[in-house]
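Residue numbers (the numbering used here), protein chains in the order written: chain A, 316 to 633; chain B, 710 to 1062; chain C, 2 to 416.
Ideal Cβ placement from N, Cα and C applies to all residues, glycine included.
Encoded as structure tokens, the structure appears first; notes follow it.
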Amino acid sequence: MNDFFTLFNVELLHSTIRLSTPITLAAVGATICERAGIVNIAMEGLMLIGAFTAVFFAYITGNPWIGLLAAVIAGGIFSLLHAYATITLHLDHVVSGAVLNILALGLTNYLLILAFGHPGTSEPVPVSLAEYQFAVPFLSQIPVIGPVFFNQRPIVYMSFLLIIFFTLFLYRTKTGLHVRASGEHPLAMETIGVSVYRIRYLAVIISGLTSGLAGAFLSIENSNVFTSGMTGGRGFIALAANISGGWSAVGSFLASLFFGFAEAFQYKMQAARLLDLPSELFVMFPYIATVIAVAGLVRKSRPPKAVGLDFRIEKQAD
Amino acid sequence: MKKYLTWSLIFCFILFTGTLVIAMPQGEKKQDNIMVSIATDIGGLGDKSFNDGCYAGLEKAKDELGMEIKVVESKQMTDYVPNLSGLAEDGSKLVFAVGFLMADAILESAQHYPESYFAGIDIWIDPASAPKNVLGINYKEHESGYLAGIVAGLLTKEYVTISPKLNNNNVLGMVLGMDIPPVERYQAGFYAGVMSVNPDCTVISIVTGVFDDQAKGKEATFVLAEQGADIVFQIAGLTGLGVINGAKEKGIFAIGVDVDQNYIAPETVITSAEKGVTESTFLVIKSVKEGSFKGGQNLVFGLNEDSTGISPYHGFDSVIPQKVKDKVNQAISDIKSGKIVVPSTRVEAGYNQ
Amino acid sequence: MTAREILYKYRVIVFILLFLLAGSGIILYITSYFAGLLFILLAIIIYYGFHFLLKDKRIVLSEIKSIAKKMLIPLAGITIAVLIGAVVMIITGYNPLTAYGALFYGGFVKNWHVSLLNAAPLIFTGLSVAFAFKAGLFNIGAEGQYYIGAMAAAGLGIYFDWHPLVTIPVIFLAAGLLGSLYNFFPALLKVKTGAHEVITTMMFAHIARYFSSIFIRNFGGDPSTSSHPYVTDPVLPSNWLLRFKDMFPWANYRLHSGIIIAILTAFFVHYLLSYTRIGFEIRAVGSNPAAAKTQGISTGKTVFIALMVAGFLSAMAGVNQVLGLDHKLYGNLSTGYGWNGISVALLASNHPVGVIFTSILWGALDAGGQYMARTQEVHNSIVEIIKGTVLFLVVARYLYTYWGQKRKKKETCNE
């Protein structure tokens, strides 16, 4: 039993942060998106596009920051497809997301062959963002929390900042109010003269930007190459994190931390050899934890009223 | 009713236009050289393992023997038979099937095309019932694992002074992609190798469950490093790239797999447990060219055929003590002479994890 | 008696003759006599000519017009996809005409049996996704239920030794019920806690995939005699689905009767959705849950039925593969039948009979793509791009209605 408690240490926290960062980023985007009334299951594909773009631009320019910027922009552009399909064309949100996921996988595979000449993996980028790790002075001296939260890499810091930013955005700004309102009662928004379409476009693009960033984290910060299909279902887990986090930025963050923790803990359990079970049971554990979290925590909160519903304005011809 | 009609009309339309397109004359390719070809399994090229290795063997044959080569990547299980048969139909003299998933497919194709030769990598055929134009090619991965285990087992205990990256914990780690037979052979061999020189060493394995997620490989490596491991053996395909990067970041050593992976991180990868797919592929092609191909049997490539083993130490050549090298060479000759039989499963190796 | 009356009197015979003509055309075609296509064409022309003779010409014309209109959108989508693929091929230096010729020849002529072989599991998973869609649910984890079905088929197939007419239906039923049971949990979570089925079925799919590894290890061969214990033991030959090889001596391909079961299942699902009370309730809940509630339809019950039937259908895909094709269960294969099932369902706009056609189209693209890659040395990820673009069919349909509405609005403005 004593062995069991030694598993909980600073390393576990580090591991949790690393594994949860891409989920956090995508989940925060999902929060904004769903708050505005659009379900976005295309995040898996958006992350993949972001991951590929990041590696491609970091590889040809030699500068990971350009890769990061390109990934964010590419995520935003690809998300426009989802916005156009769901908002303007009134396509079912889930259908559009599923199609975009399939398209993103095919597209990145083909581009990988065109850009690097062979399938599977890309060439490694010359400089990865991991080399820009820095410790915040003073704060990183705090025991336990310091090294975990204040001695990190750029995108991890960005994810912390984005959580604060989007929380303030949702509850303290006028646009944030509009975002929440267009997910709860779009018709009322339209009657006070705010374009629901515009707000929803904005929200989908935000989720594209953060998903692109999450992809960049996977490819040029936590690794240095792109592998075909490297997101491995994280987009869906992010959606789960958003739901179990009760459609709020901070909740999404906490839920993502939980999923990251489940996976980190799984490796620890395997290494510690406390239980003599088939390894697959450990590998399954994060997925089971996700189901339990979604089922157990979702009851306390309520989804935005108009989420996933089509909104159509019958404008009078003038 | 109308709906079905719509769909069937669309279908007919496709059929008609398609027939028009194929009715156009298509140039026949004539070939002068002997053609050899591979059909990959669903892993496809870019797996940095046996698919790539086999393709490299074909390219070598193209350069050195002037063969014409062709490669088809299978997308799903149902593609295997048409791909293998089709390659034979295209005039390929020798067709490689890569991966044990194609075991049934290769037998079926070989029956339909008796004039072509078929060779299956990682496929074990039954010599009694298999057609005479099929060859099974297998590897003793456990031998490579055993040699790598000797290097790791010695370095982590007796020679920790040679590099600051090593520590006194006497712990080694392994990161597995999935728990499948070739991986298990490497694992069992590695464990046996470590135990032969360092019986009280702790060897920890982590299964990531995937062959293509570097983030997971990296995380597993970090956990191993935290547990005190100073050398990590990766048997995880593309996940293993994350293992090597993670080892680099944590300042510990890694051992590569399948091919010489020193180029990925020259300061980190001390050696790699190799499986000479490229060489053995080339040998088989050569036997076809020379007319000495003999089917209906299994070839097992191991140390005796120079197909398994560990790669050169590269930058570590001067660092690694002569005693370690001697021990490895001793093991090589013992395995060759049959004095040591390397276990190929965890049960035989006595590894209970 | 006029000619018209005579024709009307013997219309049944004429229909049978037409049917025979078209049928022989198909048989000729798949045995590589392309003239068979002319037979099919002839049959269609005669059918319409017959209509012209018997019915009011204006009605028939408007009928043809509406069919042509309906065909326009999918055909436009396919044409766009083909053109985009052609552009990609020209850019990367291939001749699109020969490449497409090979794609077509491989998919529909040379390897037509592989296309059908590919299509069979897709029909099942496509039906599964489509059925859930009808109730407004998204069964994204069809792959997981596929694994459950495959495991059940392998487990039962190895030990269940009886007459095949008993064992095969029982295996299908048992595997299907297990698949339903597996989807019972997502349905329960959906009804009780509101957990979204996209997440739960997806997670359950991952769990099933890893569970299959454990399963295989326990049903696998003896590691000391078999070189690769990472497959289960083969199922008993008496449990194999009947192969075309067994029925026709000249058939030297692996096609098995699973495709027939799949097509029959599709028609059954169509019947279930269109002509039964359950089907009506499912469609009602799917199109307007609030209205369905006021009519006294229990949404909770519908969720259970829809997801469990979906689980049943996906599990049948697994049985089809294990008993029909592989005869054993291989581990850790990412089959992709779940994802492709979504594609074919979307493409067929969730119509069960449409799923048959789209699955065959998808299977033919796969088989033809392999043929194209082999003979023309065009990389077969072009096929993926074509598939992705063909999926835009779905979007294209919406584009069409969207633009149509806009145009209408403009017209009303001008008036």
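How long is the line joining the alpha carbons of E359 of chain A and G550 of chain A, rounded to whole angstroms? Between E359 of chain A and G550 of chain A, the C-alpha separation is close to 4 Å.
So, at 7 Å on beta carbons, what are the nonlocal neighbours of D625 of chain A in its own chain, with the 5 sequence-adjacent residues on each side left out? Residues H405 of the same chain have their beta carbon placed closer than 7 Å to that of D625 of chain A, with the five preceding and five following residues left out of the count.
Closest residue to F132 of chain C among C:A293, C:A292, C:Y272 and C:A291 (Cα-Cα distance): Residue C:Y272 is the option with its Cα nearest to F132 of chain C.
Classify I558 of chain A as helix, strand or coil using the three-state DSSP reduction. It is helical.
Since V745 of chain B is in the beta strand (DSSP E), which residue starts that stretch and which ends it? Residues M744 to T749.
The ligand HEM heavy atoms versus the CB of F827 of chain B: any closer than 8 Å? Here there are no bound small molecules, and the ligand HEM is not part of this structure.
Nearest chain C C-beta to Y602 of chain A closer than 9 Å, yes or no? Yes, because at least one Cβ of chain C sits closer than 9 Å to the Cβ of Y602 of chain A.
Listing by chain order, which chain B residues have their CB less than 8 Å from the CB of R244 of chain C? Against R244 of chain C, chain B offers no close residue; the least beta-carbon distance is about 12 Å (beta-carbon pairs closer than 8 Å).
Comparing the C-beta of N119 of chain C with each C-beta of chain B, is any distance below 9 Å? Residue-level contact check: N119 of chain C touches chain B, since one or more beta carbons of chain B fall below 9 Å from its beta carbon.
Using the Cβ count rule (16 or more neighbours within 10 Å means buried), how would you classify I169 of chain C? Counting the other Cβ atoms within 10 Å of the Cβ of I169 of chain C gives 16 or more, which makes it buried.
Determine, using beta carbons only, whether G1005 of chain B and A839 of chain B come nearer to each other than 9 Å. With a cutoff of 9 Å on beta-carbon distance, G1005 of chain B and A839 of chain B are scored as near each other.
Is there a C-beta anywhere in chain C that falls below 9 Å from the one on G548 of chain A? At least one chain C Cβ lies under 9 Å of G548 of chain A.
Cα-Cα, which of A:Y486, A:T546 and A:P601 is closest to P337 of chain A? Cα-wise, what sits closest to P337 of chain A is A:T546.
From N954 of chain B to W340 of chain C, what does the alpha carbon distance come to, in whole angstroms? One C-alpha to the other measures close to 32 Å.
Kindly indicate which three-state DSSP category H328 of chain C falls into: helix, strand or coil? Of the three classes helix, strand and coil, the one that applies to H328 of chain C here is coil, per DSSP.
Nearest-angstrom Cβ-Cβ length linking I832 of chain B and V993 of chain B, presumed shorter than 8 Å: About 13 Å separates the two Cβ atoms, so there is no contact after all.
Give me the Cα-Cα distance between I1080 of chain B and S330 of chain A, rounded to the nearest whole angstrom. Beyond the ends of chain B as shown, which are 710 and 1062, falls residue 1080 of chain B; an answer cannot be given.
Just to confirm before moving on: does the CB-CB distance between R244 of chain C and V790 of chain B stay below 9 Å? Contact flag unset, no.
Sheet register partners of L863 of chain B (DSSP bridge): Partner(s): none; L863 of chain B has no beta bridge.
Whose C-alpha, out of C:V310, C:Y372 and C:G325, is nearest the C-alpha of G127 of chain C? Nearest C-alpha to G127 of chain C: C:V310.
Nearest CA to the CA of L179 of chain C: which residue from C:Q322, C:M152, C:F109 and C:Y338? Out of C:Q322, C:M152, C:F109 and C:Y338, the CA that lies nearest to the CA of L179 of chain C is found in C:M152.
Rounded to the nearest angstrom, what separates Q631 of chain A and L476 of chain A at their Cα positions? Because the pLDDT of Q631 of chain A is 43, which lies under 50, any placement of that residue in the model is unreliable, and the question is left without a value.
Bounding residues of the alpha helix (DSSP H) (the contiguous stretch that carries Y512 of chain A): Element bounds for Y512 of chain A: V511 to A531.
Through-space distance from K302 of chain C to V780 of chain B, alpha-carbon basis: Roughly 52 Å separates the two Cα atoms.
Whose Cβ in chain B lies nearer than 9 Å to the Cβ of A368 of chain C? The contacting residues are T787, D788 and P791.
Might you give, ordered along the chain, the residues of its own chain that have their beta carbon closer than 6 Å to the beta carbon of D367 of chain C, omitting 5 neighbours on each side? Excluding residues within five positions, the ones whose Cβ falls inside 6 Å are N119.
Boundaries (first-last residue) of the alpha helix (DSSP H) holding G319 of chain C: Bounds of the alpha helix (DSSP H) holding G319 of chain C are T300 to V320.
Backbone CA spacing between I306 of chain C and P501 of chain A [nearest angstrom]: Between the alpha carbons of I306 of chain C and P501 of chain A lies a gap of roughly 32 Å.
Are the beta-carbon atoms of L363 of chain A and G623 of chain A separated by less than 9 Å? Taking 9 Å as the Cβ cut-off, L363 of chain A and G623 of chain A do not qualify as a contacting pair.
For M599 of chain A, go through chain C and note every residue whose CB falls closer than 8 Å to its CB, in chain order. Listed by position along chain C, the residues whose Cβ is nearer than 8 Å to that of M599 of chain A are H207, I208, Y211 and F212.
Would you mind listing the alpha helix (DSSP H) stretches within the stretch 405 to 449 of chain A that are 4+ residues and don't spill past its ends, in chain order? If only complete runs of 4 or more residues are kept, the stretch 405 to 449 of chain A shows the alpha helix (DSSP H) at 408 to 431, in order along the chain.
Should T3 of chain C be labelled buried (16 or more other beta-carbon atoms within 10 Å of its own) or exposed? Its Cβ having fewer than 16 others within 10 Å, T3 of chain C is exposed.
Spatial neighbours of L274 of chain C within its chain, please: CB distance less than 8 Å, with the 5 preceding and 5 following residues excluded, ordered by chain position. F132, K135, G280, I283, R284 and P353.
Under 8 Å from the C-beta of E958 of chain B: neighbouring residues of chain A: Within 8 Å Cβ-Cβ: A445.
Please work out which residues of its chain come closer than 6 Å, Cβ to Cβ, to G985 of chain B, disregarding the five sequence neighbours upstream and downstream, and give them in chain order. So the list reads S1016, once near-sequence residues are dropped.
Chain A beta carbons: is any one of them nearer than 9 Å to that of D831 of chain B? No, its Cβ sits nowhere closer than 9 Å to a Cβ of chain A.
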